[in-house]
Every structure is written in structure tokens, then in C-alpha cells.
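In this note's numbering, the protein residues as written are 2 to 221.
C-beta: ideal position from N, C-alpha, C; glycine also.
Remember, it's a predicted structure, so these values are computed and weren't measured experimentally.
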């Protein structure tokens, strides 16, 4: 029997590769306080979902939607987009050893232009990038990760997903892809049941170590 090969690594962005979740939490906590005090846990509920889905689900009033879009644009413009320690080195090591990489984010193109400007090392680390404009259904729908695999020319059994948010973890596992849960923004007790492997950080992670733990899922 032919041994399974890991050909592609698919990465979420916020909370997985860059330290932004706390900044977004502050923004959406204030939005909930001002507009949706009936949903005090809004900041947690919306993690990993697209802005369009957030607005459609929680902010039906057109004036509120416009106000939030403008406020979010201003907030994101002053945010920092720092890569987590060793994330860049791990991505470079994957590419050096022939593993394809994709960025699969619920962010839109406008947000990503900010990220690329403030963190110029990021874009060259990926063979392809999928943003919210590329898929109709937001995480936890698996379509985003299935699309990424197809775009790289890989089967799902040849991929691994790195995620931190509950919605993203569900998207990865629902896609039938071995999913690594980063405990950067949620406790291990919440992350572990939703994935196949948990990691606290990229510190010390090598392709060899990953391969010793990774395996294709039985999707029969």
C-alpha cells in the first residue's frame, strides 16, 4: 500500500498565525455593548466568521451596519498584525521541503491589503490565499478548506489544517482534513475535542515532528 504523503498545509490567519484576536475581541465587545447588549458573548460567537455573516446575523439595521463597517475599517487600520513566534520560520521550512501552503481566512481583501502592508513577510509564504470573497459559506462550513485543497491540486487526505477558532476547527474536521488546533486564543479543554492534535505554539515544531503525528483521515 502506498504511504500517505503530506503535500499541503492550510492555515487560518487571525489567532493562528497573527496576534489579532484580543484586538478584535475589544472591538466586538464594544459593538455588543452599544448595539446588541442582548448578546453579551457576541465577540466569542463571531470568531472565524466573515463580516458579511456577522452583519447579516446580528445587525440588520442599515445605519448600524454602515456605522460598524466604518468603525471596523478605522480600527483595523490602527491594529498591529504581528506573526506569532516561529510561525514564519515554520512556514519557510515547509516550503523549503516542498510542502504547499495556503492561507484560508474569513478576512476580506481590504483587510488583507492592510495585513500585507504592515506585515510584508506574510504573502510570499503562501502558494495561494483564499479570502471571504472566495467562498459563499463562512466557517464552520468546510467549503473554504476544500477549495484551498483543490486550488493546490491536492486531495484532502494530503493536507493538514491549522486553526484556533471553534468555527475554523469545525470547518477543518468537517472537510475531512487532519486538523491541528492552536490553543492561542481558546483553552485546550475547548480546542481538543474539536481537532486531531493540539499545539500551544509553533515553537520547536518541525515538519518531521508534524509527520510523526499526522495521518490522513478515513473519509470512506
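Indicate the three-state DSSP secondary structure (helix, strand or coil) for residue 156 in the structure shown.
coil
Where the alpha helix (DSSP H) containing residue 16 begins and where it ends
Per DSSP, residue 16 belongs to no alpha helix (DSSP H) and is neither H nor E.
Neighbour-count burial assignment, residue 31, 16 or more Cβ in a 10 Å radius:
exposed
Simplified DSSP assignment, three categories, for residue 164
Three-state DSSP puts residue 164 in a strand.
Does the region 45-53 come close enough to the region 193-206 that 3 or more CB-CB pairs lie under 8 Å?
no
Continuous beta strand (DSSP E) stretch holding residue 183: start and end
Here the beta strand (DSSP E) through residue 183 covers 179-183.
Around the Cβ of residue 64, are there at least 16 other Cβ atoms within 10 angstroms (buried) or fewer (exposed)?
By the C-beta density criterion, residue 64 is exposed, having fewer than 16 other C-beta atoms within 10 angstroms.
What are the uninterrupted segments assigned as beta strand (DSSP E) that are 3 or more residues long and contained completely in the region 46-123, given in chain order?
101-105
Short of 6 Å in beta carbon distance, which residues of its chain neighbour residue 175, apart from the five on each side in sequence? Order them along the chain.
Taken in chain order, the residues that qualify are 143.
Since residue 132 and residue 110 should fall inside the 8 Å C-beta cutoff, what is the C-beta to C-beta distance between them, to a whole number of angstroms?
Contact flag correct, Cβ pair sits at about 6 Å.
Just the C-alpha distance for residue 74 and residue 108, rounded to the nearest angstrom, thanks.
12 Å
So is residue 187 buried or exposed if we call it buried at 16+ other beta carbons inside 10 Å?
buried
Within 10 angstroms of the Cβ of residue 164, are there 16 or more other Cβ atoms? Answer buried if so, exposed if not.
buried
Would you check if the distance between the CB atom of residue 21 and the CB atom of residue 15 is smaller than 8 Å?
yes
Inspect the beta-carbon positions of residue 102 and residue 203 and report whether they are closer than 8 Å.
no
Just to confirm, are residue 115 and residue 88 a CB contact at a threshold of 8 Å?
no
Whose CA, out of 61, 150, 119, 168, lies closest to the CA of residue 17?
168
Does DSSP classify residue 218 as helix, strand or coil?
coil
Rounded straight-line distance, which links the Cα of residue 210 to that of residue 69:
43 Å
If we call anything under 8 Å between Cβ atoms a contact, is residue 1 one with residue 207?
The question about residue 1 has no answer, for the chain in this structure spans 2 to 221.
Inter-residue Cα distance where the pair is residue 219 and residue 36
45 Å
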